[in-house]
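Q:
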Amino acid sequence: MTHTWLPTVVSVLAVEEGGRLDCCDEDTAHVWVTVLGWSPRRAFLTGAAPFVAASGKEAADLAGEHFTARLDLDDPPGNEDTNGERLEWPDLELAPPIPAEWLDGGQGGDQ
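Heads up: the sequence shown at position 63 corresponds to 49 in the working numbering, and the numbers run straight through without jumps.
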């Protein structure tokens, strides 16, 4: 299988505070994100720490922020990995302003 590691948009939908995802998780703040290159309709729960570090913002202020990360677009996580995801976000950084029509993945979100 070939792998295509390309920059893609990662959007923070919401922030959750309070619990750990698993016994090894030290981060108690988590974010629900979508990864445009995998699916604009599927959300992943992941630790907020990389997003806090990349943005310089508090976890509570991350909702609505857009980032870019270099991910393997040919190998998205399986459906069983949606909750409690321990994803890595290589080259994560705040994205420049992105037109809204790009963020809906061509789904025509204004209809």
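Where is the CB? At the ideal position from N, CA and C, for every residue including glycine.
Compare the Cα-Cα distances from W75 to each of A46, A40, H(-11) and report the closest residue.
A: Here residue 75 is taken as the residue at index 89 of the sequence shown, counted from 1. That would be A40, whose Cα lies nearest to the Cα of W75.
Q: So is T(-10) buried or exposed if we call it buried at 16+ other beta carbons inside 10 Å?
A: Stepping through the sequence shown from its first residue, residue -10 is reached at position 4. It counts as exposed.
Q: Where DSSP assigns a beta bridge to P63, which residues make up the other side?
A: Within the sequence shown, the letter at position 77 stands for residue 63. None; P63 has no bridge partner.
Q: What number of angstroms, rounded off, separates the C-alpha of P83 from the C-alpha of E2?
A: Here the question's residue 83 lines up with position 97 in the sequence shown. Here the question's residue 2 lines up with position 16 in the sequence shown. About 25 Å.
Q: L80: buried (16+ other C-beta within 10 angstroms of its C-beta) or exposed?
A: Start at 1 with the first residue of the sequence shown, and residue 80 comes out as number 94. When all chains shown are included, L80 counts as exposed.
Q: Apart from the five residues on each side of it in sequence, which residues of its chain come closer than 7 Å, Cβ to Cβ, to E87?
A: Numbered from its first residue, the sequence shown carries residue 87 at position 101. Taken in chain order, the list of residues that qualify is empty.
Q: Does the Cβ of L(-8) have 16 or more other Cβ atoms within 10 Å, making it buried, or fewer, making it exposed?
A: Working through the sequence shown from its first residue, we reach residue -8 at position 6. That one is exposed.
Q: Quick one, which of V(-2), G4, T54 has its alpha-carbon nearest R27's?
A: Looking up residue 27 in the sequence shown gives position 41. Ranking V(-2), G4, T54 by Cα distance to R27 puts V(-2) first.
Q: So, at 8 Å on beta carbons, what are the nonlocal neighbours of A0 in its own chain, with the 5 sequence-adjacent residues on each side left out?
A: As a first step, residue 0 is located in the sequence shown; it is residue number 14 there, counting from the start. For A0, where only same-chain residues beyond five positions count, the Cβ hits under 8 Å are V17, W18, A49.
Q: Determine the extent of the alpha helix (DSSP H) in which A35 is found, giving its start and end residues.
A: Counting from one through the sequence shown, the residue named residue 35 turns up at place 49. Start and end: 35 to 41.
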